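Remarks on the structure that follows.
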């Protein structure tokens with residue numbers, strides 16, 4: 246299969262935008278990505294969209310068709326991928342594979358979600374559909390409660406304290422202060438996290454990712470078709486892709502403090518890239534809850550089991566640390582427009598590898614990893630990107 | 246890219262099954278397909294699901310994860326494709342491409358929908374999300390009204406009569422009498438169609454496809470990996486695949502009596518297969534409404550523009566005709582579980598090409614075409630299958 250590169254990126258600011266429609270967010274982010282790629286639209290072969298639940302929240306399904314029309318790509322094949330919070334990561338992989346196997350030379354991949362205009366109850370019900378409706382959501386186990394169970398078990402198994410877990414969102418909020426696209430621009434402390442509105446013990450509102458509107462896009466092209474690709478700092482090569490699965494509900498798992506889907510996807514992506522965890526310079530890691538980031542950074546191989554939160558406290562995941570994690574602010578503070586998140590993560594990695602990340606720029610980052618999780622880690626998509634020398 | 250074949254199929258009966266869950270329908274149809282393929286589950290590399298709107302109708306998104314778990318394929322990469330009524334056709338193409346490009350040797354593709362347990366209002370609202378919510382559905386233009394506008398314009402342009410259009414569902418109902426999986430087993434007449442409950446002139450309830458629960462699956466494999474593939478009558482090769490798009494809403498189209506998405510997908514599929522319309526022996530053609538089948542059979546190149554209904558009246562599309570269409574009974578009488586329909590069509594084509602279609606068997610069919618439309622023809626997926634000699 247052919248090498249594929251990201252040649253353009255675009256996103257909206259993340260936040261609460263009652264005045265913006267799905268359509269307008271697609272136009273804004275998609276047009277930016279096409280302009281950034283510097284290509285003529287006619288070169289685009291197909292449209293790949295991630296969207297989680299506009300069917301329920303907006304009455305609008307068939308988002309692929311909407312995106313193709315709105316980006317003036319009518320007539321191009323279009324599709325929508327859905328894998329809960331990993332919908333955009335999945336769309337990214339599908340678009341990449343289509344280029345890799347020669348079906349198209351250039352594709353546009355994107356994600357969008359509009360969530361803030363409905364009630365908290367409707368957001369909660371819609372999100373719960375990413376878990377097992379029959380055995381979890383339908384009997385009251387919404388996501389905060391499921392991840393709270395995971396957090397409690399994790400604290401029991403590894404002796405991790407509430408304070409240690411609380412260090413994760415504190416860092417995300419610090420990073421988001423440096424990201425103009427982030428929804429949340431507010432410093433917090435461990436004390437503030439612990440004293441936050443209780444959601445499901447030990448998680449408070451500060452351990453939970455945001456409810457957001459937003460959209461993110463990327464333009465992908467076969468590297469061999471790009472002129473001067475090797476010299477072009479804007480061309481970021483996708484050197485690894487992994488896709489892992491696990492049971493929909495957590496009742497069928499032997500272990501809930503490690504995510505098999507993350508491990509499977511990481512194995513596939515590292516193998517394709519010919520790398521190990523220690524080669525990764527920066528990562529965006531799915532942090533729907535504070536505990537999720539901790540477990541994922543361990544399953545990705547960045548830290549030993551039980552040491553994920555300690556690594557945050559020691560500054561290893563900070564912008565100037567050994568392996569900066571969620572320099573964007575993550576789902577916690579940049580925002581989590583569910584069906585756009587996977588490509589919003591790619592956006593950050595590309596910005597960093599291009600050295601266009603402004604105040605939050607990591608020095609000398611060459612290899613970046615984007616990790617996108619769906620549901621209670623029932624789906625995982627991982628992509629590894631590399632700056633061309 | 247490698248040749249890909251269908252090596253197993255399975256489906257539920259289509260109908261109104263309030264006692265069946267999405268989960269149980271997936272298990273029933275998926276298990277049948279795996280058994281039919283005669284493979285060990287461990288050979289399956291990934292799961293591709295089509296589903297339109299269980300998010301809204303059942304509170305269950307993340308159908309890929311549900312299917313992988315229910316088919317005891319936990320850990321395998323899984324995904325859900327959504328392109329309105331073409332969701333399963335899209336999942337089929339994605340699975341086929343993954344095998345064609347060497348990512349996996351064997352995949353399972355399926356579709357599921359559960360619709361009959363909710364109110365007619367909820368079905369209508371959910372379906373309307375496949376059109377343009379902002380400019381069509383949200384202001385009252387549900388699907389019957391949109392296709393009624395198309396029917397009226399078609400009658401005006403081509404002089405086609407109400408009686409001619411009514412001949413389409415009459416034939417579908419006749420065919421469904423011979424299909425044990427069909428939802429509707431009832432003969433109707435042109436008079437009965439015309440006198441049916443009015444939905445949107447000229448369409449009555451008999452011009453509209455059914456509201457159905459159901460699931461259909463297929464197992465796909467790289468042809469080169471199959472032993473004795475050339476001699477195995479159960480191995481049906483996929484020789485063409487096409488994917489076309491059009492604007493989401495009809496307001497932006499120059500012409501509403503021809504579907505650009507069908508033409509684009511047909512061009513791609515015919516080109517890949519090295520065939521023309523006249524080489525096709527049988528076809529399942531998307532008939533969400535009577536008028537839709539007429540227009541599509543013309544856009545597929547089976548008949549001249551304006552002659553699609555006359556061809557039905559002349560018996561050209563009958564089981565013993567020149568180009569049998571919807572031998573299964575079609576969406577009109579076999580049923581239309583939206584997210585399963587595209588693979589339910591493939592099921593029929595495979596049954597026919599294997600000569601296992603019982604009383605509705607077409608003689609000497611070697612080339613079959615499945616045509617799956619999404620929304621108001623904003624998406625089209627076409628697959629051409631061939632019996633091995």
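Protein chains in written order, with this note's numbering: chain A, 246 to 634; chain B, 246 to 634.
Just so you know, even glycine gets a beta-carbon here, dropped at the ideal spot from N, CA and C.
Quick caveat: nothing in here was measured; it's all calculated off a predicted structure.
Item	Value
Can you tell me whether residue 584(A) is helix, strand or coil according to DSSP?	helix
Considering only residues of the same chain and omitting the five flanking positions on each side of residue 391(A), which have a CB-CB separation below 6 Å?	621
Below 8 Å on the Cβ atoms is my guess for residue 617(B) versus residue 590(B); work out the distance and round it to an integer in Å.	6 Å
Grab the span of the beta strand (DSSP E) containing residue 335(B) for me, first residue to last.	Where residue 335(B) is concerned, there is no enclosing beta strand (DSSP E), although the alpha helix (DSSP H) it sits in stretches over 332 to 345.
Measuring CB to CB, does residue 584(B) end up less than 7 Å from residue 260(B)?	no
In angstroms with no decimal places, state the Cα-to-Cα distance between residue 311(B) and residue 495(A).	12 Å
I need the DSSP call for residue 654(A), collapsed to helix, strand or coil.	No answer is possible for residue 654(A): it lies beyond the span of chain A, which begins at 246 and ends at 634.
How far does the alpha helix (DSSP H) with residue 270(B) in it extend, from its first residue to its last?	267 to 282
Would you check if the distance between the CB atom of residue 396(A) and the CB atom of residue 447(A) is smaller than 7 Å?	yes
When you check each C-beta in the region 286 to 316 of chain A against every C-beta of chain B, which residues fall closer than 7 Å?	297, 298, 300, 301, 303, 304, 305, 306, 307, 309, 310, 311, 313 and 314
Do residue 471(A) and residue 340(A) come within 7 Å of each other at the CB atom, strictly closer than that value?	no
With H, G and I counted as helix, E and B as strand and the rest as coil, what does DSSP make of residue 486(A)?	strand
Please name the residue in 520(A), 569(A), 565(A) and 252(A) whose C-alpha comes closest to that of residue 538(A).	569(A)
Verify whether the separation of the beta carbon atoms of residue 588(A) and residue 463(A) is less than 7 Å.	yes
If you reduce the DSSP assignment to three classes, tell me which class residue 432(A) lands in.	coil
Along the region 462 to 482 of chain A, what residues have a CB closer than 8 Å to any CB found in chain B?	none
Is the beta carbon of residue 416(A) sitting closer than 7 Å to the one on residue 607(A)?	no
In angstroms, rounded to a whole number, what distance separates the CA positions of residue 443(A) and residue 309(B)?	32 Å
Closer than 9 Å by beta-carbon distance: list the chain B residues that pair up with residue 346(A), in chain order.	246, 342, 343, 345, 346, 347 and 348
Between residue 289(B) and residue 344(B), how many whole angstroms is the CB-CB distance? I'm expecting something under 8 Å.	With 8 Å as the limit, residue 289(B) and residue 344(B) do not qualify as a contact, their Cβ atoms being about 11 Å apart.
Against chain A, with Cβ distances strictly below 7 Å, would residue 356(B) count as a contact?	no
Look up residue 632(B) in the DSSP assignment and give the residues it is bridged to.	481(B)
What's the C-alpha gap between residue 460(B) and residue 322(B)?	20 Å
Which partner residues of residue 460(A) appear in the DSSP bridge assignment?	357(A)
Under 7 Å Cβ-Cβ, which residues of chain A neighbour residue 509(B)?	320
Within 10 Å of its beta-carbon, does residue 285(B) have 16 or more other beta-carbons around it, so buried, or fewer, so exposed?	exposed
Please look up how many angstroms separate the CB atoms of residue 503(B) and residue 550(B), rounded, as I've assumed it's under 8 Å.	7 Å
If you measure from the beta carbon of residue 323(A) to each beta carbon in chain B, is any gap under 7 Å?	yes
Could you work out which residue in 379(A), 256(A) and 579(A) is closest to residue 276(A) when comparing CA atoms only?	256(A)
Under the assumption that residue 328(A) contacts residue 325(B) (Cβ atoms under 8 Å), give the Cβ distance between them as a whole number of angstroms.	6 Å
Tell me the DSSP secondary structure of residue 599(A) in three-state form.	coil
Going straight from the alpha carbon of residue 265(A) to that of residue 428(A), what length do you get?	15 Å
Just confirm the distance between the C-beta atoms of residue 467(B) and residue 632(B), as a whole number of angstroms; I'd bet it's less than 8 Å.	That belief does not hold up - the Cβ atoms of residue 467(B) and residue 632(B) are roughly 18 Å apart, past 8 Å.
For the beta strand (DSSP E) containing residue 295(A), list its first residue and its last residue.	291 to 295
Does the Cβ of residue 409(A) have 16 or more other Cβ atoms within 10 Å, making it buried, or fewer, making it exposed?	buried
Between which two residues does the beta strand (DSSP E) holding residue 325(A) run?	323 to 327
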